[in-house]
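Protein sequence lines, in the order shown, are assigned to chains A and B. Take 0 as the starting number for the first sequence in numbering that gives the first Met the number 0 and just add one per residue. Take 0 as the starting number for the second sequence in numbering that gives the first Met the number 0 and just add one per residue. In this text, a Cβ means the ideal position worked out from N, Cα and C, and glycines have one as well. Computed from a predicted model, the values in this text were never measured in an experiment. Below is one structure; the comments refer to it alone.
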Amino acid sequence: MKRFLGFIKKEFYHIFRDKRSMFILFGMPIAQIMLFGFAITNEINNVNIAILDKSKDSETQKIINKISASKYFHIEETINSESQIQSIFEKGKVKAVVIFENHFSKNLQTSKQGKVQIITDATDPNIANTITNYTNAILLNYIQEVNKTNIPTYSIDTQTQLYYNPELKGVFTFVPGVMTVILMLVSAMMTSISITREKELGTMEVLLVSPLNPLQVILGKVFPYVFLSIINATVIVILGVFVFGMPIQGSLFLLAAESILFIITALSLGILISNIAQTQQTAMMMSLMGLMLPVIILSGFIFPISSMPLPLQIISNIIPAKWFIIIIKAIMLKGATIDIIWKETLILIGMTLFFILLSIKKYKIRLE
Amino acid sequence: MSQEKIIAVKNLSKKFGNFIAVNDISFDVYKGEIFGFLGANGAGKTTAMKMLIGISKPTSGEAVVADFDVNFQAEMVKKNIGYMSQKFSMYDDLTIKENITFFGGIYGLSRNQIKEKTAQLISDLGLENELNKLVGDLPLGWKQKLSFSVALLHEPKIVFLDEPTGGVDPITRRQFWEMIYAEAHKGTTIFVTTHYMDEAEYCDRVSIMVEGKIEALESPKNLKQQYKVTSMNEVFLKLARNVE
């Protein structure tokens, strides 16, 4: 045990004395969460739009007031004919035009249906989509208010209800996503690099000739990263909650336990990589290409899995990160307990055991 | 030099697939001697040594090192030997003191023992002012001497040196060999691989490996007489030619 502690102490010296490690460990999580939180977001704020009101009655004025009162939109211009639409889009002045049909108010009363057209500049499809959704939400809200006072009620032809994330806040998807990416990065990449580093320097040979057994060597290398990953996960959750208002509906204990499970999954992948790779560079490339890219692209962090082509959907099942994101989203947003996410948890445990067994099998320390 | 065997190798072989890296070698090393293990690159000396230090399993044959069988008691073998690899084997980003503490620790030395050893080692090497300097900032010659001292921290019966003087200047090599002599004088057995033939002259006995087999095992003086030449370099060339 004393030997083991000495080993861990040495490992911390390596980490704390290496500027790059320190940056990846502590700078990266904070930078990433701030970036995703403030810059890379699907939310819109003060988007410039134009209004084409052909009806110009009291009802359209109410809706326009509602739109301009929301913090999402800024009415940049009011235009008079459809011929102007093309030119204002081309100038890039506005992202969307909201058009009210002729006799909007009258149609609403007679046929119980008013028509509004939303034209968006879809060069940025995500923003266009969000604008449409937000405008719809405002219209819906208006119709509900009107219906309270009017009998018989006007018809509502769309009904949208957004559960768990009614404001469609990006923060709710990126906090679990960033946490997954960071845990993968720290646990898998950093450990595989730190193990291959010793191989490259020749110190691994010296350690293996020492009375330490190979298992102790590997555990000693891995332990500091378990510790640091837990700290990282905590920092991300705290930032998510206090800076971005991420809710945690479920139990913190379950969240911590699942996170530790995922850390172990990632570590076992890191060990597997360090068994195959002989140099730090190879280990880094393998971690980035083999782990980071799938985590970012196929885990459902950025691109929804349900809209991927079927082959990719099938492949996404073997990405541990996918299951972890499902688990922590369920805990944070829906307050899920273990009897809801036991299946995903079992899959993660199974994957971890598989990676560990594979590592043991591959565990031939080839020294040239 | 006593006749007490400290390494006894019998019919040791190592195969990698169809390739026979070490082919049925047998030899003994006696307590307190400086044993030179020579051979060209690829002759099998590193593979043979790895079996002796317990990190590679022999395909067949047996070897007893410091009274323990490498086939069955590799862990005990490891406790009783010291090892210095050809790549410089300490941590550059740790200070001299931290390196000594770490390596002492993994060999199970107590805190007091480590303290004592550190003080002694530092004064022997004249490194009093460098104790808290990073090892990476030291010149190569000092690193090598330090590395050798660290391999001896736990007072092993045998120390294995794998090409210890690669890349250092002749003066440092000379000093390094003085350290080796001093240690051998205390009764520690030195098992050293090298490809510097002039260094072979410093050994009590040398074995020369060619293509997996031991082709010669004698004192340098006898070998030179036997082959009627004046230097070990010529002995080596003659042997290699014979095999071809």
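When Phe102/B, Thr46/B, Asp136/B, Gly31/B are compared, the shortest CA-CA separation from Gly186/B is found for Gly31/B.
With contacts defined as CB atoms closer than 7 Å, Thr46/B and Lys14/B fail to qualify as a contacting pair. Taking the Cα positions, Ile24/B is about 23 Å away from Asn79/B.
DSSP places Ser59/B in the strand class (E or B) of the three-state scheme. Val225/A: member of the alpha helix (DSSP H) spanning 213-243, first to last residue. By the C-beta density criterion, Lys144/B is buried, having at least 16 other C-beta atoms within 10 angstroms.
Per DSSP, Asp52/A is one residue of the beta strand (DSSP E) stretching across 46-52. When Cβ pairs closer than 8 Å are counted between the two stretches, the segment 295-308 of chain A is seen not to touch the segment 342-359 of chain A, the count staying below three. For the segment 114-129 of chain B, the beta-carbon criterion of a distance under 9 Å to any beta-carbon of chain A is satisfied by none of its residues. Secondary structure note for Thr190/A: its alpha helix (DSSP H) is the uninterrupted segment 190-200.
Contact with chain A is absent for Leu238/B, since none of that chain's Cβ atoms lies less than 7 Å from the residue's Cβ.
Close partners of Asp17/A in chain B (Cβ separation under 9 Å): Asp92. By the criterion of a C-beta distance shorter than 6 Å, Ile181/A is surrounded in its chain by Pro28, Asn231, once the five residues flanking it on both sides are discounted.
If you draw a straight line from the Cα of Met231/B to the Cα of Glu10/A, it is about 44 Å long. One thing to note: Phe102/B has its Cβ no nearer than 7 Å to the Cβ of Ser206/B. Here DSSP, grouped into helix, strand and coil, assigns Tyr82/B to strand.
Within its own chain, the residues whose Cβ lies closer than 7 Å to the Cβ of Ile324/A, once the five positions on either side in sequence are excluded, are Pro175, Gly176, Thr179, Ser298, Gly299, Phe300, listed in chain order. Secondary structure at Thr77/A: strand, using DSSP grouped into helix, strand and coil. For Lys77/B, the neighbours in chain A by C-beta distance under 8 Å run, in chain order, Val208, Ser209, Pro210.
Exposure of Gly135/B is indicated by the presence of fewer than 16 other C-beta atoms within 10 angstroms of its C-beta. The contact set of His13/A on chain B, defined by CB atoms closer than 9 Å, consists of Tyr90, Asp92, Leu93 in chain order. For Ile105/B, a Cβ of chain A is located within less than 7 Å of the residue's own Cβ.
Close to chain B, meaning a Cβ-Cβ distance shorter than 8 Å, are the following residues of the segment 180-203 of chain A: Leu200, Gly201, Thr202. For Val221/A, the closest Cβ of chain B is not nearer than 7 Å. Going by DSSP, Ala199/B is part of the alpha helix (DSSP H) stretching over 196-199. As the crow flies, the alpha-carbon of Val205/A is around 19 Å from that of Ile270/A. Runs of alpha helix (DSSP H) with 4 or more residues, each lying fully within the segment 241-271 of chain A, are absent. Identification of chain B residues near Lys360/A by a Cβ-Cβ cut-off of 9 Å yields none; the smallest Cβ-Cβ distance measures about 16 Å.
Rounded to whole angstroms, the separation of the alpha carbons of Gly249/A and His153/B is 54 Å. For Lys9/B, there is no enclosing alpha helix (DSSP H); the enclosing beta strand (DSSP E) has its first and last residue at 4-15. In this structure the segment 148-164 of chain B touches the segment 69-87 of chain B; the number of beta carbon pairs closer than 8 Å is three or more.
Counting along the chain, Ser82/A sits inside the alpha helix (DSSP H) bounded by residues 82-90.
Chain A has a Cβ within less than 7 Å of the Cβ of Lys86/B.
Neighbours of Tyr82/B across chain A, judged by C-beta separation under 9 Å: Glu204, Val205, Val208, Ser209. CA-to-CA, the gap between His194/B and Pro155/B works out to about 25 Å.
The distance from the Cβ of Val149/B to that of Asn98/B is about 7 Å, consistent with a contact at the 8 Å cut-off.
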